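Working notes, beginning with the structure itself.
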Amino acid sequence: MTNNGSRNGQSWARLEAYLASLHPGDVITVNDTIENTDLAPETVHIVLAALTKANLFERSGDRFTRRSAISV
Numbered sequence: 022m023t024n025n026g027s028r029n030g031q032s033w034a035r036l037e038a039y040l041a042s043l044h045p046g047d048v049i050t051v052n053d054t055i056e057n058t059d060l061a062p063e064t065v066h067i068v069l070a071a072l073t074k075a076n077l078f079e080r081s082g083d084r085f086t087r088r089s090a091i092s093v
């Protein structure tokens, strides 16, 4: 039997690793992120919306493009 807390923690760790692997200009979708992390769709939407609000991603339809963390 799988421990849900452990599984959820692994999903968050996968999300962190997935997002950290992205470079400016890389494009992801909610579905890509769900497949890579096993997180719930609502959770992925919330995270990507927050990262977009923080100007780390730019949204165009269902695509999220990684922005540079430093603007010049």
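Per the numbering used here, the very first residue in the sequence shown carries number 22; after that it's consecutive.
Every residue gets a Cβ at the ideal spot worked out from N, C-alpha and C, and that includes glycine.
Small disclaimer: the values here were computed from a predicted structure and weren't measured.
Could you spell out where the beta strand (DSSP E) holding residue i opens and where it closes?
i, result
"R88", "Careful: R88 lies outside any beta strand (DSSP E) and carries neither H nor E."
"S42", "Careful: S42 lies outside any beta strand (DSSP E) and carries neither H nor E."
Around the C-beta of residue i, are 16 or more other C-beta atoms found within 10 angstroms, so that it is buried, or is it exposed?
i, result
"I67", "exposed"
"V48", "exposed"
According to DSSP, which residues form a beta bridge with residue i?
i, result
"V48", "T86"
"R80", "F85"
At which residues does the alpha helix (DSSP H) containing residue i begin and terminate?
i, result
"A61", "Per DSSP, A61 belongs to no alpha helix (DSSP H) and is neither H nor E."
So what's residue i in DSSP terms, helix, strand or just coil?
i, result
"R28", "helix"
"A75", "coil"
Leaving out five residues on either side along the sequence, give the residues of the same chain with a beta carbon under 7 angstroms from the beta carbon of residue i.
i, result
"N57", "R35, Y39"
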